[in-house]
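Trainee: Structure provided below as C-alpha coordinates; questions to follow.
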Amino acid sequence: MSDTAPPIRILTVDDHPMLREGVASVIEAQPDMVLIGEAANGREAIESFRQHRPDVTLMDLQMPDMNGIDAINAIRGEFPDARIVVLTTYKGDVQALRALKAGAMGYLLKSMLRKELLETIRAVHAGRRRVPPEIATEIAEHAADDALTEREIVVLKRVAVGSANKQIAATLGISEETVKAHMKSIMAKLSANDRTHAVTIALNRGIIEM
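The opening residue of the sequence shown carries number 1 in our numbering; numbering runs sequentially from there.
This is the structure:
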(Lines of atoms letter the chains of each structure in order from A; the text may use other names.)
(Lines give C-alpha, C1' and ligand atoms only; values in the text may rest on other atoms or scores of the structure.)
Protein backbone atom coordinates (compact mmCIF):
# COMPACT_ATOMS: atom_id res chain seq x y z
CA MET A 1 0.00 0.00 0.00
CA SER A 2 1.44 3.41 -0.90
CA ASP A 3 2.03 6.08 1.77
CA THR A 4 -0.50 8.39 0.14
CA ALA A 5 -3.45 5.97 0.09
CA PRO A 6 -5.97 6.79 2.85
CA PRO A 7 -6.68 4.04 5.38
CA ILE A 8 -9.65 1.72 4.84
CA ARG A 9 -12.52 3.13 6.94
CA ILE A 10 -14.41 0.37 8.77
CA LEU A 11 -17.80 0.15 10.51
CA THR A 12 -18.44 -2.84 12.83
CA VAL A 13 -22.00 -4.05 13.47
CA ASP A 14 -22.52 -6.69 16.17
CA ASP A 15 -24.69 -6.91 19.28
CA HIS A 16 -21.82 -8.40 21.34
CA PRO A 17 -19.51 -5.68 22.78
CA MET A 18 -16.73 -8.27 23.30
CA LEU A 19 -16.66 -9.10 19.60
CA ARG A 20 -16.63 -5.42 18.64
CA GLU A 21 -13.74 -4.85 21.07
CA GLY A 22 -11.84 -7.79 19.60
CA VAL A 23 -12.28 -6.49 16.04
CA ALA A 24 -11.31 -2.97 17.16
CA SER A 25 -8.05 -4.20 18.70
CA VAL A 26 -7.11 -6.10 15.52
CA ILE A 27 -7.90 -3.10 13.28
CA GLU A 28 -6.11 -0.59 15.52
CA ALA A 29 -2.84 -2.46 14.96
CA GLN A 30 -3.11 -2.03 11.16
CA PRO A 31 -1.52 1.05 9.54
CA ASP A 32 -3.85 0.80 6.52
CA MET A 33 -7.15 0.59 8.48
CA VAL A 34 -9.19 2.75 10.84
CA LEU A 35 -12.36 1.93 12.79
CA ILE A 36 -14.77 4.84 12.27
CA GLY A 37 -17.93 3.51 13.91
CA GLU A 38 -19.72 0.71 15.78
CA ALA A 39 -23.37 -0.36 15.89
CA ALA A 40 -25.24 -2.97 17.95
CA ASN A 41 -28.12 -3.79 15.59
CA GLY A 42 -29.39 -3.34 12.03
CA ARG A 43 -31.15 -0.04 12.67
CA GLU A 44 -28.06 1.50 14.24
CA ALA A 45 -26.04 0.12 11.32
CA ILE A 46 -28.13 2.03 8.77
CA GLU A 47 -27.81 5.28 10.78
CA SER A 48 -24.06 4.78 11.27
CA PHE A 49 -23.60 4.03 7.58
CA ARG A 50 -25.40 7.22 6.57
CA GLN A 51 -23.32 9.22 9.02
CA HIS A 52 -19.86 7.76 8.33
CA ARG A 53 -20.03 6.28 4.81
CA PRO A 54 -17.48 3.54 5.63
CA ASP A 55 -15.38 1.81 2.96
CA VAL A 56 -16.08 -1.64 4.45
CA THR A 57 -18.85 -2.67 6.89
CA LEU A 58 -18.52 -5.81 9.05
CA MET A 59 -22.08 -7.05 9.66
CA ASP A 60 -23.36 -9.68 12.09
CA LEU A 61 -26.50 -11.56 10.97
CA GLN A 62 -28.27 -12.47 14.23
CA MET A 63 -29.11 -9.22 16.02
CA PRO A 64 -32.07 -7.83 17.98
CA ASP A 65 -34.32 -5.10 16.56
CA MET A 66 -33.21 -5.64 12.95
CA ASN A 67 -31.15 -8.54 11.59
CA GLY A 68 -28.13 -8.30 9.34
CA ILE A 69 -29.83 -9.41 6.10
CA ASP A 70 -32.49 -6.68 6.42
CA ALA A 71 -29.79 -4.12 7.24
CA ILE A 72 -27.71 -5.16 4.19
CA ASN A 73 -30.79 -4.84 1.97
CA ALA A 74 -31.59 -1.39 3.38
CA ILE A 75 -28.01 -0.09 3.14
CA ARG A 76 -27.48 -1.45 -0.37
CA GLY A 77 -30.84 -0.01 -1.42
CA GLU A 78 -29.64 3.45 -0.40
CA PHE A 79 -25.92 3.02 -1.18
CA PRO A 80 -25.52 0.45 -4.01
CA ASP A 81 -21.71 0.61 -3.79
CA ALA A 82 -21.62 -0.34 -0.09
CA ARG A 83 -19.04 -3.06 0.58
CA ILE A 84 -20.26 -5.36 3.31
CA VAL A 85 -18.64 -8.40 4.92
CA VAL A 86 -20.88 -10.73 6.94
CA LEU A 87 -19.54 -11.95 10.29
CA THR A 88 -21.48 -14.92 11.62
CA THR A 89 -21.33 -18.08 13.71
CA TYR A 90 -23.64 -19.81 11.19
CA LYS A 91 -22.21 -21.98 8.42
CA GLY A 92 -25.60 -22.59 6.80
CA ASP A 93 -25.65 -22.36 3.01
CA VAL A 94 -29.15 -20.80 2.96
CA GLN A 95 -28.06 -18.07 5.36
CA ALA A 96 -24.93 -17.40 3.29
CA LEU A 97 -26.88 -17.32 0.04
CA ARG A 98 -29.39 -14.86 1.50
CA ALA A 99 -26.56 -12.56 2.59
CA LEU A 100 -24.80 -12.74 -0.78
CA LYS A 101 -28.08 -12.13 -2.64
CA ALA A 102 -28.69 -9.11 -0.40
CA GLY A 103 -25.37 -7.75 -1.63
CA ALA A 104 -22.69 -8.87 0.85
CA MET A 105 -19.26 -9.19 -0.82
CA GLY A 106 -17.61 -11.23 1.91
CA TYR A 107 -18.72 -13.95 4.31
CA LEU A 108 -16.67 -14.74 7.38
CA LEU A 109 -17.26 -17.18 10.23
CA LYS A 110 -16.45 -15.69 13.62
CA SER A 111 -14.20 -18.68 14.30
CA MET A 112 -11.98 -17.50 11.40
CA LEU A 113 -11.66 -13.87 12.49
CA ARG A 114 -8.08 -14.02 13.71
CA LYS A 115 -6.81 -15.66 10.53
CA GLU A 116 -9.02 -14.23 7.82
CA LEU A 117 -10.38 -10.84 8.93
CA LEU A 118 -7.67 -8.50 7.63
CA GLU A 119 -7.25 -10.28 4.29
CA THR A 120 -11.02 -10.29 3.78
CA ILE A 121 -11.32 -6.56 4.54
CA ARG A 122 -8.52 -5.73 2.08
CA ALA A 123 -9.93 -8.01 -0.63
CA VAL A 124 -13.48 -6.61 -0.36
CA HIS A 125 -12.15 -3.04 -0.26
CA ALA A 126 -10.34 -3.82 -3.52
CA GLY A 127 -13.64 -4.98 -5.04
CA ARG A 128 -13.14 -8.74 -4.74
CA ARG A 129 -15.58 -11.24 -3.22
CA ARG A 130 -14.40 -13.45 -0.35
CA VAL A 131 -16.37 -16.56 0.62
CA PRO A 132 -14.70 -19.38 2.62
CA PRO A 133 -14.22 -22.57 0.55
CA GLU A 134 -16.39 -24.69 2.87
CA ILE A 135 -19.31 -22.25 2.53
CA ALA A 136 -18.90 -22.04 -1.25
CA THR A 137 -18.86 -25.86 -1.39
CA GLU A 138 -22.03 -26.11 0.70
CA ILE A 139 -23.82 -23.54 -1.48
CA ALA A 140 -22.79 -25.50 -4.59
CA GLU A 141 -23.90 -28.82 -3.05
CA HIS A 142 -27.41 -27.51 -2.44
CA ALA A 143 -27.71 -25.37 -5.57
CA ALA A 144 -29.96 -27.89 -7.33
CA ASP A 145 -32.11 -28.62 -4.26
CA ASP A 146 -35.79 -27.74 -4.27
CA ALA A 147 -36.19 -24.81 -1.88
CA LEU A 148 -38.86 -25.00 0.80
CA THR A 149 -41.90 -22.85 0.10
CA GLU A 150 -42.81 -20.05 2.51
CA ARG A 151 -45.70 -22.10 3.88
CA GLU A 152 -43.41 -25.12 4.42
CA ILE A 153 -40.99 -22.90 6.36
CA VAL A 154 -43.86 -21.65 8.55
CA VAL A 155 -44.92 -25.27 9.23
CA LEU A 156 -41.36 -26.32 10.04
CA LYS A 157 -40.93 -23.39 12.45
CA ARG A 158 -44.05 -24.58 14.30
CA VAL A 159 -42.61 -28.13 14.43
CA ALA A 160 -39.33 -26.69 15.78
CA VAL A 161 -41.09 -25.17 18.79
CA GLY A 162 -42.79 -28.50 19.53
CA SER A 163 -46.24 -28.03 17.99
CA ALA A 164 -48.14 -31.16 16.96
CA ASN A 165 -49.85 -31.41 13.55
CA LYS A 166 -53.25 -30.69 15.11
CA GLN A 167 -51.96 -27.45 16.73
CA ILE A 168 -50.23 -26.36 13.51
CA ALA A 169 -53.43 -26.99 11.52
CA ALA A 170 -55.47 -24.90 14.00
CA THR A 171 -52.91 -22.06 14.06
CA LEU A 172 -52.62 -21.84 10.27
CA GLY A 173 -56.28 -22.49 9.52
CA ILE A 174 -55.57 -25.57 7.40
CA SER A 175 -56.46 -29.25 7.74
CA GLU A 176 -54.27 -31.81 9.52
CA GLU A 177 -53.97 -33.67 6.21
CA THR A 178 -52.49 -30.52 4.63
CA VAL A 179 -49.96 -30.24 7.47
CA LYS A 180 -48.99 -33.89 6.91
CA ALA A 181 -48.59 -33.23 3.18
CA HIS A 182 -46.34 -30.24 3.92
CA MET A 183 -44.22 -32.35 6.31
CA LYS A 184 -43.89 -35.10 3.70
CA SER A 185 -42.69 -32.55 1.15
CA ILE A 186 -40.30 -30.93 3.67
CA MET A 187 -38.71 -34.26 4.61
CA ALA A 188 -38.28 -35.22 0.95
CA LYS A 189 -36.66 -31.89 0.06
CA LEU A 190 -34.31 -31.99 3.06
CA SER A 191 -33.62 -35.74 2.83
CA ALA A 192 -34.70 -35.99 6.47
CA ASN A 193 -35.59 -39.22 8.29
CA ASP A 194 -38.19 -37.68 10.61
CA ARG A 195 -39.52 -34.37 11.98
CA THR A 196 -36.65 -33.84 14.43
CA HIS A 197 -34.08 -34.55 11.72
CA ALA A 198 -35.83 -32.06 9.40
CA VAL A 199 -35.65 -29.35 12.08
CA THR A 200 -31.95 -30.08 12.76
CA ILE A 201 -31.07 -29.88 9.05
CA ALA A 202 -33.07 -26.66 8.63
CA LEU A 203 -31.35 -25.04 11.62
CA ASN A 204 -27.88 -26.10 10.45
CA ARG A 205 -28.48 -24.75 6.96
CA GLY A 206 -30.03 -21.48 8.16
CA ILE A 207 -33.45 -22.22 6.62
CA ILE A 208 -35.06 -21.49 9.98
CA GLU A 209 -33.75 -19.77 13.11
CA MET A 210 -34.69 -20.37 16.74
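Note that beta-carbon positions come from the ideal geometry of N, C-alpha and C, so glycine has one too.
Decide yes or no for the touch test of the stretch 140-147 against the stretch 112-129: beta carbon pairs closer than 8 Å, at least 3 of them.
Mentor: No, the stretch 140-147 does not touch the stretch 112-129.
Trainee: Shortest alpha-carbon distance to I10 belongs to which of E150, I135, G77, L117?
Mentor: For I10, the nearest C-alpha among the options comes from L117.
Trainee: Are the Cβ atoms of H182 and E152 separated by less than 7 Å?
Mentor: Yes, the pair counts as a contact, with Cβ atoms nearer than the cut-off.
Trainee: Indicate the three-state DSSP secondary structure (helix, strand or coil) for L108 in the structure shown.
Mentor: Residue state, collapsed to three classes: strand.
Trainee: Which residue wins for smallest C-alpha separation from A202, given the options T149, T12, A102?
Mentor: The shortest C-alpha separation from A202 is found at T149.
Trainee: Identify, in the order they occur along the chain, each residue of the same chain with its Cβ nearer than 6 Å to the Cβ of R83, setting aside the five sequence neighbours on each side.
Mentor: Around R83: V56, M105, V124.
Trainee: Determine the burial state of T88: buried for a count of at least 16 other Cβ atoms within 10 Å of its Cβ, exposed for fewer.
Mentor: With 16 or more other Cβ atoms within 10 Å, it is buried.
Trainee: Please identify the residue among S48, T4, M63 whose C-alpha is closest to the C-alpha of I75.
Mentor: The shortest C-alpha separation from I75 is found at S48.
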